[in-house]
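The sequence shown begins at 122 in the working numbering and counts up by one. The beta-carbon is built from N, C-alpha and C at its ideal position, and this holds for glycine as well. Just so it is clear, the structure is predicted and the values come from calculations on it, not from any experiment.
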Amino acid sequence: MTEKIEVSAEDIPINENILNETLIHLKEQYEKFEEHNELLKHQLVELKKSFCSIYGVIRLLDIMIEITNNIDGVDKEIINQVELLRSFSSDIFERQILT
């Protein structure tokens, strides 16, 4: 026994309206998502540029200490801290920037 379901002409426009409203809402949500995603991509690029600049300064500082170590007698604690900072930033650079 199968039951027949009757659909009146009045039901069709309502369903189409609901479908259209839903599609419009989904499109708006997708556009917001894409806009936010593009903003995040731009911010990531700017963050990578900033880190590259910081990394370069750390490398220069490390090289300067290495060159002047014999001349000025830079404190060993400073040398150790710069080497640790260079090592840590090199790891971050390889994992986060170069990938």
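Nearest to Gln217 (by Cα), restricted to the options Thr189, Tyr151 and Val166: Taking only the C-alpha atoms, the option nearest Gln217 is Val166.
The segment 175-186 in contact with the segment 143-162 per 3-pair CB rule at 8 Å: With the rule of 3 Cβ pairs closer than 8 Å, the segment 175-186 does not count as touching the segment 143-162.
Spatial distance of Leu205 from Leu182 (CA atoms): Cα to Cα, Leu205 sits roughly 12 Å from Leu182.
Distance between Tyr151 and Phe214 (C-alpha atoms, nearest Å): Their Cα atoms are separated by approximately 33 Å.
Ser208, buried or exposed, once every other Cβ within 10 Å from all chains shown has been counted against 16: With fewer than 16 other beta carbons inside 10 angstroms of its own, Ser208 counts as exposed.
Under the three-state DSSP convention, the category Asp196 falls into: Annotated three-state conformation of Asp196 is coil, per DSSP.
Neighbour-count burial assignment, Ser210, 16 or more Cβ in a 10 Å radius: Per the 10 Å Cβ criterion, buried.
Any alpha helix (DSSP H) of 4 or more consecutive residues that is wholly inside the segment 151-195: If we require 4 residues or more, the segment 151-195 turns out to have no alpha helix (DSSP H) run fully inside it.
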